[in-house]
Structure formats: C-alpha cells, structure tokens
Amino acid sequence: MAVTLAQSALLSENDLQRGVIETFILESTILDRIPLMEIEGNAYAYNEEATLPGVEFRAVNAAYAESTGTVNQKTEALVILGGDADVDKFIALTRSNLNDQRATQTRMKVKAAVIKYQDTFFNGDVAVDANAFDGLKKRLTGAQVIDGGAVSLPIVGASAADQHAFFDQLDALLAAVAGGANALYMNKSIRAKIRSAARRIGGWDQFRDDFGKVIETYNGVPLLDAGQRADGTDIIPLNEANGDASANNTSSIYAVRFGEDEGDQAVTGLIHSSGIQVDDLGELQVKPAYRTRIEMYCGLAVFGGKGSARLRYVRNA
Numbered sequence: 001m002a003v004t005l006a007q008s009a010l011l012s013e014n015d016l017q018r019g020v021i022e023t024f025i026l027e028s029t030i031l032d033r034i035p036l037m038e039i040e041g042n043a044y045a046y047n048e049e050a051t052l053p054g055v056e057f058r059a060v061n062a063a064y065a066e067s068t069g070t071v072n073q074k075t076e077a078l079v080i081l082g083g084d085a086d087v088d089k090f091i092a093l094t095r096s097n098l099n100d101q102r103a104t105q106t107r108m109k110v111k112a113a114v115i116k117y118q119d120t121f122f123n124g125d126v127a128v129d130a131n132a133f134d135g136l137k138k139r140l141t142g143a144q145v146i147d148g149g150a151v152s153l154p155i156v157g158a159s160a161a162d163q164h165a166f167f168d169q170l171d172a173l174l175a176a177v178a179g180g181a182n183a184l185y186m187n188k189s190i191r192a193k194i195r196s197a198a199r200r201i202g203g204w205d206q207f208r209d210d211f212g213k214v215i216e217t218y219n220g221v222p223l224l225d226a227g228q229r230a231d232g233t234d235i236i237p238l239n240e241a242n243g244d245a246s247a248n249n250t251s252s253i254y255a256v257r258f259g260e261d262e263g264d265q266a267v268t269g270l271i272h273s274s275g276i277q278v279d280d281l282g283e284l285q286v287k288p289a290y291r292t293r294i295e296m297y298c299g300l301a302v303f304g305g306k307g308s309a310r311l312r313y314v315r316n317a
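Sequential numbering of the sequence shown, starting at 1, is according to my numbering.
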C-alpha cells in the first residue's frame, strides 16, 4: 500500500528526517499529494493489459469458444535523487546565533531536490539523463495528447465564445483521464489566465489545505503550478508552436489522477521501503566541515496508460 509523504512524516520518529519530509511537502505541489508505493529491490515489474479475452452469448448445450487475454510485462526502475550539504565548521560555530546554518543548507538542498523531481516528473527523459526517469511529456502519446486546435488555443481570448472553447477542451482533457483527474498542472501564467477566464463564466474556486497552501480549483480539481527551475525558467514552459506566431506564449496543461498501486490504473510514485534517507555524517575527515546527506530512491509509474493526459498549444491570452 502506498503512503503520501504527509503520512510518512507522521510516522517518522527521527526529528531530522521528519523536518526534511515536511519541507518536501511544503515546497512541492507533487510530493505533497502523490502516493509513494514502497517496493523492495531496485525495480518494480508489473503486467499491463494488452488485449481482453473474448466473451459471447451461447445456446443451450453449446460450448464457449475459449480465449485468453494478453498482457505486456513492464518494469519501472528506481533512480537515486539526492545530494550532500556541507557547512564549514567555522561557519556552523560562529554564524548560527540567529539561524542554524546546517538547517538552512539542508532546507536549501531539499528545495533543490523538489525542483529536480518536479522537472523530471514532467520533462524527464532517460535518453538525455540515463540516471533519471521518463516524465509525463515523454510517456503520454496518442489519445492522451490533445491539441488545442489548428492553431494555439487562447484561454480568455476576445469573447465568451473563446472562453467556452477553451473550457470545452479543458473538459476534454479531464475526460481523457480514466477515473477522473484529481490535479491539473500548468505554469503560473497559464493558471492566472484560467482564473481570469473562469471568473467570467464560472467554475473557479479556492480553499486552504492542511498545510496552509491556498489551492485554486476548476470544478473541484486543483489548479497547480508546476513551479520553476533554479534558473527561474518554468518547468512547463511557454514555448510551444502550432502553426502560428505564439511559440513564446503557448504551453501545456497536464491532467493527472494519482493512485496507490497498479490496480488504480493511475499515476503512482515509487520509493524504496527505506523512504527518504537523511543522514547526519558529522564532521568530515578530509576537511573541517559538517555534512548532511539526503537521498531518496524513487521512480514513477503511469499504470494503464490513461492515468494522465496533456492538453498542448494553450495560449496565454
């Protein structure tokens, strides 16, 4: 059974580990909600339905034509995400009167890990980084990728008709996710424009979650900012072109349904049973510095192939 990081934080008896997990939750719009299925070993193998067996009506005293379904075996590997945070002994001892310097560096390392995970969740490609995992952009194909239109799709546009056209496509995106999506991811500019359009025709709301975050929703589905990389660029960028001149103002929206295991046929995080590892390695021998190491052996699975969908060529206009 999978657990979220919020649940694992409650179970942690280690103050340092619990603090790191809580930082992951506060900094991330993915790791604060994705179920993480604990596995042993370094990979998870499962069977995906390929074709269903046949069924039929039969006459009295007649026999069924026997048939069996087929499955494809798939494997999702765990990858290693983390880093070391070193603080010079001099700094730790002389500059911690106001802020714990080691705690500050640990928090910054967690924020960097959150950015890396979120970027990989959408844009990961093992052909580019063999040590990472494939993200949704690479995994989603066929009917799970919906085009905004012959040219890019404005959100507010010039009229109510444009706004209705956008929300029709957004509804189609949600419908493409088997079982119904429970999160919509985009960049902050697209989210602000959706807020503007929904304010005109309805469907927008907001609430504050258990961690104090303000969550905006469209018909009950959270509208979540995928965040930015350390260099300030959007993880889901405004750089898509679709036959018009809006390549620097057009982006994608991802609909995601999170699930706890392969039976949910949804998007599920994978993590080794050891969880997020936070080790205080103490003072190093090679230099006078204290080191904290943070690691998680993680992965991603989109069970069934319809746990997520992408609406591309959405114009921030």
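We put the CB at the ideal spot given by N, CA and C, even for glycine. These numbers come from a predicted model, not from an experiment.
In the three-state DSSP reduction, residue 122 falls in the helix class (H, G or I). Of the other Cβ atoms in all chains shown, 16 or more fall within 10 Å of the Cβ of residue 176; this residue is therefore buried. Taking C-beta separations shorter than 6 Å and ignoring five residues to either side along the sequence, the partners of residue 183 in its chain run 222, 224 and 256, following chain order. In the DSSP annotation of this structure, the continuous segment of the beta strand (DSSP E) that includes residue 301 starts and ends at 289-302. The continuous alpha helix (DSSP H) containing residue 173 extends over residues 160-175. Secondary structure of residue 74 (DSSP, three-state): strand.
Residue 73 and residue 270 have their C-alpha atoms some 17 Å from each other.
The DSSP-derived three-state label of residue 206 is strand.
Taking 9 Å as the cut-off, the Cβ atoms of residue 82 and residue 295 count as close. A check of alpha carbon separations from residue 32 across 118, 57, 58 and 231 identifies 118 as the nearest. CA-CA distance, residue 131 to residue 101, rounds to 30 Å. Burial state of residue 108 is exposed, judged by a 10 Å Cβ sphere holding fewer than 16 other Cβ atoms. Under the three-state reduction of DSSP, residue 64 is assigned to coil, being neither helix nor strand. Within the same chain, Cβ atoms closer than 7 Å to the Cβ of residue 214 are found at 206 and 208, the five residues on either side in sequence being excluded. In the DSSP assignment, residue 39 forms a beta bridge with 272. Cβ atoms of residue 138 and residue 125 come within 8 Å of each other, at about 5 Å. Rounded to whole angstroms, the separation of the alpha carbons of residue 290 and residue 282 is 5 Å.
Annotation: the continuous beta strand (DSSP E) that includes residue 315 extends over 308-315. Judged by pairs of C-beta atoms under 8 Å, the segment 189-204 touches the segment 151-167, as three or more such pairs exist.
Residue 48 sits away from residue 263, with the two beta carbons spaced by 9 Å or more. Scanning its chain for C-beta atoms nearer than 7 Å, with the 5 sequence neighbours on each side dropped, one finds around residue 26 the residues 211, in chain order.
If you draw a straight line from the Cα of residue 76 to the Cα of residue 44, it comes to about 5 Å. With respect to the C-alpha of residue 80, the residue from 292, 308, 277 and 316 having the closest C-alpha is 277. According to the DSSP assignment, residue 233 belongs to no alpha helix (DSSP H), since it is labelled neither H nor E. Taking a C-beta distance under 9 Å as the contact criterion, residue 254 and residue 310 qualify as a contact pair. Comparing alpha-carbon positions, the option among 228, 181 and 302 lying closest to residue 136 turns out to be 302. For residue 94, the uninterrupted alpha helix (DSSP H) segment begins and ends at 89-94.
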